[in-house]
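Q:
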Amino acid sequence: MAKHPPQLRKSTLLTASGTNTSTRWGFLKDIRKNPWLYVMLIPVLLYFTIFHYYPMYGALIAFKEFSPRLGIMGSPWVGWEHFESFFNGIYFWRVIKNTLMISFYELLFGFPAPIILALLLNEVRKTAFKRTVQTLTYMPHFISLVVVCGIIKEFTMSDGLINDLLAFFGWERVSLLLESEYFRTIFVSSGIWQNIGWGTIIYLAALAGIDQEQYEAAKIDGANRWKQMLHVTLPGIISTIIILFILEIGKLMNVGGEKIILLYNPSTYETADVISSYVYRLGLQEFNYSFSSAVGLFNSAINFTLVISANWLSRKMNNTSLW
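The numbers in the UniProt record's numbering rise by one with no breaks, and the one at position 154 of the sequence shown is 154.
#1: With DSSP run on the structure shown, which of helix, strand or coil describes residue 77?
#2: Give me the Cα-Cα distance between residue 276 and residue 221, rounded to the nearest whole angstrom.
#3: Does DSSP put residue 15 in a helix, a strand or coil?
#4: Among the residues of its own chain, which have a CB less than 8 Å from the CB of residue 150, if the five just before and after it don't count?
#5: How should residue 334 be labelled, buried or exposed, when 16 other C-beta atoms within 10 angstroms of its C-beta is the threshold for buried?
#6: Are residue 115 and residue 241 closer than 8 Å when you measure CB to CB?
#7: Beta-carbon separation of residue 134 and residue 121 under 8 Å?
#8: For chain D, find out if any of its Cβ atoms is closer than 8 Å to the Cβ of residue 189; answer yes or no.
#9: Taking C-beta to C-beta, are residue 76 and residue 65 nearer than 8 Å?
#10: Please list, in chain order, all residues of the same chain as residue 1 whose beta carbon is under 7 Å from its beta carbon, the five residues on each side excluded.
#11: Taking residue 269 as the reference, give the member of 60, 99, 87, 28 with the closest Cα.
#12: Expressed to the nearest angstrom, what Euclidean distance is found between the alpha-carbon atoms of residue 144 and residue 184?
#13: Report back the beta-carbon spacing between residue 110 and residue 192 to the nearest angstrom; my notes put them in contact at under 8 Å.
#14: According to DSSP, is residue 126 part of a helix, a strand, or is it coil?
#15: May I have the straight-line CA-CA distance separating residue 288 from residue 266, to the nearest angstrom?
#16: Output the distance between the C-alpha atoms of residue 70 and residue 59, rounded to the nearest integer angstrom.
#17: Just curious, the alpha helix (DSSP H) that residue 195 is in, first and last residue?
#18: According to the Cβ coordinates, are residue 279 and residue 292 closer than 8 Å?
#19: Taking the alpha carbon of residue 171 as the point to measure from, which residue in 158, 180, 272, 232 has its own alpha carbon closest?
#20: Kindly list the residues whose CB is nearer than 7 Å to the CB of residue 14, restricted to its own chain and excluding five residues on each side of it in sequence; keep chain order.
#21: Start and end of the alpha helix (DSSP H) containing residue 305?
#22: Based on the DSSP secondary-structure assignment, which residues constitute the bridge partners of residue 64?
#23: Locate the alpha helix (DSSP H) running through residue 257, then write down its first and last residues.
#24: In whole angstroms, give me the CA-to-CA distance for residue 290 and residue 97.
#25: Let me confirm a value: residue 196 is counted as buried when at least 16 other C-beta atoms fall within 10 Å, else exposed. Which label applies?
#26: Can you give me the C-alpha to C-alpha distance between residue 44 and residue 37, rounded to a whole angstrom?
#27: Taking the alpha helix (DSSP H) that residue 146 belongs to, which residues open and close that run?
#28: Could you give the distance in angstroms between the alpha-carbon of residue 303 and the alpha-carbon of residue 229?
#29: What is the DSSP secondary structure of residue 160, reduced to helix, strand or coil?
#30: Skipping 5 residues on each side, what residues in its chain have a beta carbon closer than 8 Å to that of residue 194?
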């Protein structure tokens, strides 16, 4: 290995030291220049510290046989016992399969839905119609999840609206939420209905930032509206699509447990029981805090690995990433 002269090493150290010092002084100077901005930052830091970082201390119970009487530190250590019990348990493959299947369907059908709606709305020239559609598609997002699940239950009952339509076309009436084979379809389709309008907001904002001169140039080159969408509109929002896709990958193992808990029942566990609902049953209904914490920690570790991998892959392929 080549050795650098002492003068070069000394100058390198001085340069690095000078850079660190200038950065530190620049930060302090910025605080003096914008003190109220940093004061406004304090509540945000407190929120994340108290509600996001401090509770991570409780993850220790995943490696202990937790007892509320003994507390976290007083409970005995059991190491990886709870993780091994989960991996070797009879429900391991079921909850993993259901989680991945529902997440895959949401990515396949739910992720492109707001993109398609945004592209369609972008082509609408009637402002009144466009605003009406936007309002109607936004509204379900602001309805309480409990109310949404109540609506779903009412519509999918044997005498509900959906069964009335099916019976009109000659289908047999059946309580859809009691049949395991229909659960994923109901869950994913209702999620699209509830969130498609809200997700469209981001894409419409990205579409508004596209330079209109690109469309004029495409028209001069003879591109029709379809080709303009393919060669101007989609490339203009591709970075937004990639960023949101990375965020969705980070939630791949975190299917909405609240909605599933409100909709599922023992007869649909075979296709509806996911990691988050499994943790809920073990932790809050069966008071097995340590085991449920181990399952939740495993789930979080997988999500963290997925988002890091997706971000790295996106940066390598498209030079677009979250960080």
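Even for Gly, the Cβ is constructed at its ideal location relative to N, Cα and C.
A: Reading off the structure:
#1: Start at 1 with the first residue of the sequence shown, and residue 77 comes out as number 77. In this structure, residue 77 counts as strand in the three-state DSSP scheme.
#2: Within the sequence shown, residue 276 is the residue found at index 276, counting from 1. Within the sequence shown, residue 221 is the residue found at index 221, counting from 1. C-alpha separation (whole angstroms): 53 Å.
#3: Counting from 1 along the sequence shown, the entry for residue 15 is found at position 15. The predicted position of residue 15 is uncertain, since its pLDDT is 49 and thus under 50; a value taken from the coordinates is nonetheless stated next. Note: residue 15 maps to helix in three-state DSSP.
#4: In the sequence shown, counting from the first residue as 1, residue 150 sits at position 150. Around residue 150: no qualifying Cβ.
#5: No statement about residue 334 is possible, as the shown extent of the chain runs from 1 to 323 and does not include it.
#6: Your numbering for residue 115 matches position 115 in the sequence shown. Your numbering for residue 241 matches position 241 in the sequence shown. Against a cut-off of 8 Å, the Cβ pair of residue 241 and residue 115 comes out as a contact.
#7: Looking up residue 134 in the sequence shown gives position 134. Looking up residue 121 in the sequence shown gives position 121. Against a cut-off of 8 Å, the Cβ pair of residue 121 and residue 134 comes out as a contact.
#8: As a matter of chain content, chain D is missing from the structure shown, which is built from one protein chain.
#9: Here residue 76 is taken as the residue at index 76 of the sequence shown, counted from 1. Here residue 65 is taken as the residue at index 65 of the sequence shown, counted from 1. Yes, the pair counts as a contact, with Cβ atoms nearer than the cut-off.
#10: Residue mapping note: residue 1 aligns to position 1 of the sequence shown, counting from 1. Because the pLDDT of residue 1 is 45, which lies under 50, any placement of that residue in the model is unreliable, and the question is left without a value.
#11: Stepping through the sequence shown from its first residue, residue 269 is reached at position 269. Of the listed residues, the one whose Cα sits closest to residue 269 is 99.
#12: Start at 1 with the first residue of the sequence shown, and residue 144 comes out as number 144. Start at 1 with the first residue of the sequence shown, and residue 184 comes out as number 184. Distance between the alpha carbons of residue 144 and residue 184 is about 21 Å.
#13: In the sequence shown, residue 110 corresponds to position 110, counting from 1. In the sequence shown, residue 192 corresponds to position 192, counting from 1. Yes, residue 110 and residue 192 are in contact; Cβ-Cβ is about 5 Å, under 8 Å.
#14: By one-based count along the sequence shown, residue 126 stands at place 126. Coil, per DSSP.
#15: Position 288 of the sequence shown, counted from the start, is the residue given in the question as residue 288. Position 266 of the sequence shown, counted from the start, is the residue given in the question as residue 266. Straight-line Cα distance between these residues: approximately 19 Å.
#16: Here residue 70 is taken as the residue at index 70 of the sequence shown, counted from 1. Here residue 59 is taken as the residue at index 59 of the sequence shown, counted from 1. Straight-line Cα distance between these residues: approximately 16 Å.
#17: Within the sequence shown, the letter at position 195 stands for residue 195. From DSSP, the alpha helix (DSSP H) with residue 195 extends over 180 to 208.
#18: For this step, residue 279 is matched to residue 279 along the sequence shown. For this step, residue 292 is matched to residue 292 along the sequence shown. Yes.
#19: One-based indexing of the sequence shown puts residue 171 at position 171. Measuring from the Cα of residue 171, the nearest candidate turns out to be 158.
#20: Taking the first residue of the sequence shown as 1, we reach residue 14 at position 14. Unreliable placement is indicated for residue 14, whose pLDDT of 43 sits below 50; no coordinate value is reported for it.
#21: Locating residue 305 in the sequence shown gives position 305, where the first residue counts as 1. Unbroken alpha helix (DSSP H) run through residue 305: 289 to 318.
#22: To locate residue 64, count along the sequence shown from 1; it is residue 64. Answer is 77.
#23: Numbered from 1 along the sequence shown, position 257 holds the residue referred to as residue 257. That run of the alpha helix (DSSP H) goes 257 to 263.
#24: Indexing the sequence shown from 1 puts residue 290 at position 290. Indexing the sequence shown from 1 puts residue 97 at position 97. Cα-Cα distance, rounded: 23 Å.
#25: Translated into the one-based positions of the sequence shown, residue 196 becomes position 196. With 16 or more other Cβ atoms within 10 Å, it is buried.
#26: Taking the first residue of the sequence shown as 1, we reach residue 44 at position 44. Taking the first residue of the sequence shown as 1, we reach residue 37 at position 37. For residue 44 and residue 37, the distance between alpha carbons rounds to 12 Å.
#27: For the purposes of this step, residue 146 is taken as the residue at position 146 of the sequence shown. Taken as a continuous stretch (DSSP letters only), the alpha helix (DSSP H) holding residue 146 covers 145 to 156.
#28: As a working mapping, residue 303 is identified with position 303 in the sequence shown. As a working mapping, residue 229 is identified with position 229 in the sequence shown. If I take the Cα positions, the gap works out to 33 Å.
#29: Stepping through the sequence shown from its first residue, residue 160 is reached at position 160. Coil, per DSSP.
#30: The count along the sequence shown starts at 1 and reaches residue 194 at position 194. Contacts found: 140, 141, 143, 148.
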